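So the sequence shown is numbered by full-length UniProt numbering: it starts at 1 and just counts up by one. Cβ coordinates follow ideal geometry from the N, Cα and C atoms, glycine included. All values derive from a computational prediction rather than experimental measurement. In what follows, a single structure is set out as structure tokens and then discussed.
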Amino acid sequence: MECDRVVVLVVVVLLCFQFEASIGLTFSSKLIHRFSDEAKSLSISRKGNASGDLWPKRYSFKYFQLLLGNDLKRQRMKLGSQKNQLLFPSQGSQALFFGNELDWLHYTWIDIGTPNVSFLVALDAGSDLLWVPCDCIQCAPLSASYYNISLDRALSEYSPSLSSTSRHLSCDHQLCEWGSNCKNPKDPCPYIFNYDDFENTTSAGILVEDKLHLASVGDHTARKMFQASVVLGCCVVLIFYSGSSWCGRKQGGSFFDGAAPDGVMGLGPGDISVPSLLAKAGLIQNCFSLCFDENDSGRILFGDRGHASQQSTPFLPIQGTYVAYFVGVESYCVGNSCLKRSGFKALVDSGSSFTYFPSEVYNELVSEFDKQVNAKRISFQEGLWDYCYNASSQELHNIPAIQLKFPRNQNFVVHNPTYSIPNHQGFTMFCLSLQPTDGSYGVIGQNFMIGYRMVFDIENLKLGWSNSSCQYTSDSADVHLAPPPDNKSPNPLPTNEQQSIPRTPSVAPAVAGRTSSESSAASLLIPFLHLMIPLLLLLVK
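Given below as structure tokens:
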């Protein structure tokens, strides 16, 4: 044992002297082509392998075939860098808002199929499935004028038979949850989905696979257009009664009444959601962001993980699985007053127009809000909310912020949690846009997300957020997510390197040019000695 220590000690000392002697020297190494005679001789001497398949004759057909094969492997490896890119619908990343006319949800245009057909789909982080109306017999009206909205194109319905890239998902497909109900494993896969936040609302039918048209923006790359395979629901509601079934092409509940008449894009963490499918295909990191601004607009970006300075909180599992974007609220404040009641779980759901808190939390919070607001409370029979106030347009009213506190001192601040209705009987009326729920968990809806860049990081199981005005340039490779005007520092969308590597102060060229070689050598020697000294102390013990 002592002999071994002496040997190791001698080796370490020699390495130190060798390292010191090498400082300031220039190293060189001979390059050998992998298929050269020299490389072949080395391989034979070490492994005794001289197979003609591994060492083809130079400039032969097999030789060039191997070179081409290696090039293709490198290209496939480089495709992995596509995960650094950002994707958005080919029509643009803009999210649209139509208020009460389309049930207070945000929408975006997407193109599906070959030839492509456009759909105005609601953005729903509370569900997983992308579905569109399919070969309708009785569906919601597809005329924009019916909803009193102005669009530059008509709403559409999907027909698998008219898309050359469409194919049915079979019952034995891994994404077919209802496959056990099929008589034949090769039958089209059925689906049925009930929306808990819309009473008696169901989307059901068959699953198909088709192409979603996308645009990409990567690090220092121009905008590119391409297609990706996704799974979508061909909305055909199944109605069961008296042990038999009738199949009709129609929508049920709120969707028939006008909420999301042209479909829904589910953005949940499930395997069938669009973000999950794009990530599984190796096109993006498994994350996306939503941003809703003050001007009833916003944007969606797939593969956006946010930036290092954003705040974040982990998602919570429900019965051991991450079925939705649940977070844990530890406490909450109104203005400068933080309330003592214990926290609660909340679902972060862009498909929910408004925000809901458990009844006990709601009652305590609205009571404190009512104490702090500097305006007259009124009863508004036409309204959706219980706490509404009148204030003249000249009167300054103090609207206290609502703050949600998360683990690790992460704070989510809603600076103005109200909706304003101007010119109501000569006054400006505003209401606290918060409602109670009898459930054990709350829902953070899109009205609380306004002014934030919300990052749903499925890969790392966390929610991120940062202030943003959601500005972007749709016709260029640069996507700008600027902060609010009162923030002086720009907030451009970071590159992948900026997300993972902390920034370090740059050195001015003039200063860098005067740096001596001795200082560079010393900077290399110091960490080397720090590594070796503990080893020496260990050996001499």
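Pick from Val327, Ser359, Leu175: whose alpha carbon is nearest that of Tyr191?
Leu175
What residue range does the alpha helix (DSSP H) around Leu365 cover?
359-372
Segment limits, beta strand (DSSP E) that includes Val274
First-last for Val274: 274-280, but that is the alpha helix (DSSP H), not the beta strand (DSSP E).
Do you know how far the Cα of Leu66 is from the Cα of Leu347?
53 angstroms
So for Gln85, helix, strand or coil by DSSP?
coil
Using 8 angstroms as the threshold, is the region 88-108 in touch with the region 320-338, meaning 3 or more CB pairs across them?
no
Asn207 versus Pro188: straight-line alpha-carbon distance, rounded
This sequence places Leu at residue 207; Asn is not what is there. Going by the C-alpha atoms only, they are around 7 angstroms apart.
Span of the beta strand (DSSP E) around Thr313
311-314
Who pairs with Ile192 in a beta bridge, going by DSSP?
Ala204
First and last residue of the uninterrupted beta strand (DSSP E) at Arg408:
Arg408 -> no beta strand (DSSP E), and no H or E assigned at all.
Cβ-Cβ distance between Leu86 and Gly303 below 9 angstroms
yes
Would Gly126 pass as a contact of Ser353 if the rule is Cβ separation under 9 angstroms?
no
In whole angstroms, give me the CA-to-CA distance for Asn491 and Ser468.
Unreliable placement is indicated for Asn491, whose pLDDT of 28 sits below 50; no coordinate value is reported for it.
Which one or two residues does DSSP pair with Ala215 in a beta bridge?
Phe88, Met225
When the Cα of Glu177 is compared with those of His213, Tyr158, Asp128, which residue comes out closest?
Asp128
Just mark Tyr107 as buried or exposed, buried being the case when its beta carbon has 16 or more other beta carbons within 10 Å.
buried
Please report how far the alpha carbon of Ser166 lies from the alpha carbon of Arg299, in whole angstroms.
28 angstroms
Looking at the structure shown, is Gln285 part of a helix, part of a strand, or coil, going by DSSP?
coil
Here's the rule I'm using: 16 or more other beta-carbon atoms within 10 Å means buried, otherwise exposed. How should Arg377 be labelled?
exposed
Contact check, Cys287 vs Asp457, beta carbons under 9 angstroms:
yes
Extent of the continuous beta strand (DSSP E) run through Tyr332:
331-334
Enclosing beta strand (DSSP E) for Pro269 [first to last residue]
Counting along the chain, Pro269 falls outside any beta strand (DSSP E), and DSSP gives it neither H nor E.
Cβ neighbours of Glu157 in the same chain (closer than 6 angstroms, five flanking residues each side left out):
Pro133, Cys136
Among the residues of its own chain, which have a CB less than 6 angstroms from the CB of Gln227, if the five just before and after it don't count?
Lys211, His213
For Asp210, list the residues DSSP reports as bridge partners.
Val230
Presumed contact (8 angstroms Cβ cut-off) between Gln285 and Asn411, rounded CB distance
With 8 angstroms as the limit, Gln285 and Asn411 do not qualify as a contact, their Cβ atoms being about 26 angstroms apart.
In the DSSP assignment, the beta strand (DSSP E) including Ala122 goes from what residue to what residue?
117-124
Need the endpoints of the beta strand (DSSP E) that Ile378 sits in, please.
376-378
Please determine, among Cys338, Leu278, Ser90, the residue with the shortest C-alpha to C-alpha distance to Glu459.
Leu278
DSSP state of Tyr147 mapped onto helix, strand, coil
helix
Alpha carbons only, please: which of Ser150, Gly335, Trp55 is nearest the one belonging to Phe97?
Ser150
Under the rule that 16 or more other beta-carbon atoms within 10 Å means buried, what is Leu338, buried or exposed?
The question names Leu, but residue 338 in the sequence shown is Cys. Exposed, since its Cβ has fewer than 16 Cβ neighbours within 10 Å.
Please report the straight-line C-alpha distance between Ser273 and Lys280, rounded to a whole angstrom.
11 angstroms
When you compare each of Pro358, Asn398, Cys139 to Ala375 by their alpha carbons, which one comes out closest?
Asn398
Identify which residue in Lys186, Gly442, Asn181, Ala215 has its Cα closest to the Cα of His168.
Lys186
State the Cα-Cα distance for the pair Ile32 and Ser43, rounded to the nearest angstrom.
12 angstroms
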